[in-house]
Amino acid sequence: MAEQTAMEKLVSLCKRRGIIFPSSEIYGGLSSAWDYGPLGVELKNRIRDLWWKGMTRLRDDIVGLDAAIMMHPRVWEASGHVENFTDPLVDCKSCKHRFREDQIPEESRTAGRCPDCGGELTETRRFNLMFKTHMGPVENDGAAVYLRPETAQGIYVNFRNVRQSSRVKIPFGIAQVGKAFRNEITTKNFIFRTCEFEQMEMQYFIRPEEDEKWFAYWLDERQAYYRKLGIRPEKLRLHRHGPDELAHYAKVAYDIEYEFPFGWSELEGVHNRTDYDLRRHGEYSQKDLSYLDESTGERFIPYVIETSAGLTRTVLTALADAYDEEEVEGEKRTVLHLHPEIAPITVGVFPLVKKDGLAELAGEIERELRDEFSTFYDQGGAIGRRYRRQDEIGTPYGVTIDYQTKDDGTVTLRLRDSMKQIRVARRRLAEAIRDETKNYGRE
Numbered sequence: 071m072a073e074q075t076a077m078e079k080l081v082s083l084c085k086r087r088g089i090i091f092p093s094s095e096i097y098g099g100l101s102s103a104w105d106y107g108p109l110g111v112e113l114k115n116r117i118r119d120l121w122w123k124g125m126t127r128l129r130d131d132i133v134g135l136d137a138a139i140m141m142h143p144r145v146w147e148a149s150g151h152v153e154n155f156t157d158p159l160v161d162c163k164s165c166k167h168r169f170r171e172d173q174i175p176e177e178s179r180t181a182g183r184c185p186d187c188g189g190e191l192t193e194t195r196r197f198n199l200m201f202k203t204h205m206g207p208v209e210n211d212g213a214a215v216y217l218r219p220e221t222a223q224g225i226y227v228n229f230r231n232v233r234q235s236s237r238v239k240i241p242f243g244i245a246q247v248g249k250a251f252r253n254e255i256t257t258k259n260f261i262f263r264t265c266e267f268e269q270m271e272m273q274y275f276i277r278p279e280e281d282e283k284w285f286a287y288w289l290d291e292r293q294a295y296y297r298k299l300g301i302r303p304e305k306l307r308l309h310r311h312g313p314d315e316l317a318h319y320a321k322v323a324y325d326i327e328y329e330f331p332f333g334w335s336e337l338e339g340v341h342n343r344t345d346y347d348l349r350r351h352g353e354y355s356q357k358d359l360s361y362l363d364e365s366t367g368e369r370f371i372p373y374v375i376e377t378s379a380g381l382t383r384t385v386l387t388a389l390a391d392a393y394d395e396e397e398v399e400g401e402k403r404t405v406l407h408l409h410p411e412i413a414p415i416t417v418g419v420f421p422l423v424k425k426d427g428l429a430e431l432a433g434e435i436e437r438e439l440r441d442e443f444s445t446f447y448d449q450g451g452a453i454g455r456r457y458r459r460q461d462e463i464g465t466p467y468g469v470t471i472d473y474q475t476k477d478d479g480t481v482t483l484r485l486r487d488s489m490k491q492i493r494v495a496r497r498r499l500a501e502a503i504r505d506e507t508k509n510y511g512r513e
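71 is the number of the first residue of the sequence shown in the working numbering; add one for each residue after it.
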C-alpha cells in the first residue's frame, strides 16, 4: 500500500463512517478546519479521558485546571510569544502559493524558486502565528487580545492560585486539556497541522537541582502512555532538539515522534523549561511567584518539566496506527485495530435473525451492557456484513444472539482482531469483555 494511498484511504474512511468531516462542507469547506462526527468525538473523548485519568485521578501529585482561552495580552509579552512566536514566510510571485521557508526543499530554497511552479520567491519575512482579535465594541490597540497559542500559560499564571487553594507541595503538577489556536502558514496532512486544535499539557513544578531526574522520569512516562493506547512501539521514536532547534525557554527538549503515512513527525514534546515562565510572569506582573519550602525555609522559583501532547494529533496517530487491510476468505477486510479502551464503540450486539424473539432478546442484552460499555445494536443484513461494518470502525467485540441462546443462555463473543468466536454465558458476558480488554494485545 503506497504511503499517500494509505492516507487517502484513511481520510475517506473517516468521512464515510462519521469519524471526521471537513468543516462547513456544504459551503465548500474551510482550509485546515475539521469537525468530529459521532464516532470521532467518542474516540477523541476516550483518548482525552484516558490521559486525564492517568495524569490526575490515579496520582496524588497532579491537579487539574481549565483556564480561559482569552487572557490578558501582557501574558503573551511575558511568555515571549509576541516577540518569538514567528515562522519564516515566503510567497511565490507567480502562483501566489505561500510557504514556510524552512519547509521548502533545499534546492528550491537555494535557488530562490517556488517548489510548485518554479517562479521567483519573495524575501523572507517573519510571521507571528497568534490570532489577534479585539475585546469590546471599539477596535483599537488597547482592546487587542489573542486566542491562546498554547494552554501552558494558563497554568503558569494560575500557579499561585492553585498552590494556595490546593495546598500542594513540590514536586507537583497542573494538568489541562483545551483548545489552542495558531495561524499556521501551511496546514497539511489531514488533522495533523490545523489552525484550531486541542492540547493535553501538564506542567510539573520541581526543585531546580532535581530537573534531570524528573525530566528522565516524565520522558519515560509519556512514552508508556502511547503503549497503553495500543500504539505499536516500533512506530515511535525520540528526537532530541539540537541547539538550533531549542525554543527560547528550553534547557533540554525531546519530541516523541510517530511514523505517520507521510513520515516521522512530532506527537508530543517533553521540555525542561527551567524557571523561565514563572520568572518572566513574576517580573511582568510584579507578583511573587516563588515557592517557600516550609520544611527548610528556603524560597526559590521552581523549574518546570512540561509534557505537551496534541489531542487531535493523538487521534490521528491512533487511527493511522490502527488502520489495516487484509484478505479474508477471498474478500478484503478493512479494520481499525483500536485498543478497546479508546474504541468509539466497545460492543456490537447482533441478533442472528430478527424473528423468533431473537431481536427482543438481543435488545435486552444490549441494554444490560449499555451501562458499562459503549454499545451498538444492529439487526440489518447478513451477520458477516454486520461484523465487517463494525470492524471498519474499530469495534473490538461483537455479541451474537442465536437460537442456542434461547436454549442454554449462552451467546457468541467475537473478537475483532483474530475473528475468533467463543461461547460465553450471558451472565458472564460483561466479565468476559472486561477480561479481554484487560489482557488486550493486537494479534
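Backbone N, C-alpha and C fix where the C-beta goes; we use that ideal spot for every residue, glycine too. Please read these numbers as outputs of a predicted model, since none were measured by experiment.
Assigned secondary structure, residue i (DSSP; H/G/I helix, E/B strand, else coil)
i	result
Asn-115	helix
Cys-265	coil
Lys-425	coil
Lys-508	helix
Ala-250	strand
Gln-491	strand
Gly-468	strand
Ala-452	coil
His-351	helix
Met-77	helix
Asp-477	helix
Gln-496	Rather than Gln, the amino acid found at residue 496 in this sequence is Arg. Helix at Arg-496.
Arg-87	coil
Ile-503	helix
Leu-27	Limits of the chain in this structure are 71 at one end and 513 at the other, which puts residue 27 out of reach.
Glu-434	helix
Leu-120	helix
Under 8 angstroms between C-beta atoms of residue i and residue j
i	j	result
Trp-146	Met-205	no
Arg-349	Ile-375	no
Leu-381	Arg-127	no
Thr-221	Gln-269	yes
Pro-331	Ala-390	yes
Gln-246	Ser-149	no
Arg-292	Thr-377	yes
Tyr-287	Leu-306	no
Gly-189	Lys-163	yes
Lys-424	Gln-460	no
Asp-157	Thr-192	no
Leu-431	Ile-463	no
Thr-445	Ile-415	yes
Arg-233	Lys-357	no
Ile-132	Met-125	yes
Ile-240	Tyr-319	no
Ile-435	Arg-496	yes
Ala-103	Thr-264	yes
Leu-120	Ile-412	yes
Ala-379	Glu-315	no
Gly-248	Phe-275	no
Phe-197	Leu-135	no
Leu-439	Ala-500	yes
Residues bridged to residue i [DSSP beta-bridge criterion]
i	result
Leu-306	Tyr-328
Gln-273	Ile-244, Glu-376
Lys-402	Glu-397
Pro-92	Trp-104
Tyr-447	Val-419
Gly-224	DSSP lists no partner for Gly-224.
Ala-323	His-341
Tyr-361	Phe-370
Ile-132	Gly-243
Lys-258	Arg-263
Delimiting residues of the alpha helix (DSSP H) encompassing residue i
i	result
Asn-342	Segment 333 to 344 is the beta strand (DSSP E) holding Asn-342; no alpha helix (DSSP H) there.
Arg-127	Looking at the DSSP string, Arg-127 is not in any alpha helix (DSSP H), and its letter there is neither H nor E.
Asp-484	The amino acid occupying residue 484 in the given sequence is Arg; Asp does not appear at that position. Per DSSP, Arg-484 belongs to no alpha helix (DSSP H); it is in the beta strand (DSSP E), 480 to 485.
Phe-229	229 to 236
Ala-390	381 to 392
Ile-61	With the chain running from 71 to 513 in the structure shown, residue 61 is simply not present.
Delimiting residues of the beta strand (DSSP E) encompassing residue i
i	result
Asp-519	A query on residue 519 cannot be resolved here, the shown segment of the chain reaching from 71 to 513 and no further.
Ala-214	214 to 217
Asp-441	Run containing Asp-441: none; DSSP gives neither H nor E here.
Gln-369	The amino acid occupying residue 369 in the given sequence is Arg; Gln does not appear at that position. Note, Arg-369: beta strand (DSSP E), 368 to 370.
Ile-139	No beta strand (DSSP E) contains Ile-139, which DSSP labels as neither H nor E.
Short CB-CB distance (under 8 angstroms) between residue i and chain C
i	result
Phe-262	Absent from the structure is chain C; it holds one protein chain and no more.
Check your understanding: Which parts of the segment 151 to 203 are runs of the alpha helix (DSSP H), unbroken and 4 residues or longer, counting only runs that do not cross its ends?
Key -> 151 to 154, 176 to 181
Point to revise | Minimum length 4: unbroken alpha helix (DSSP H) runs contained in the segment 278 to 303 | key: 281 to 298
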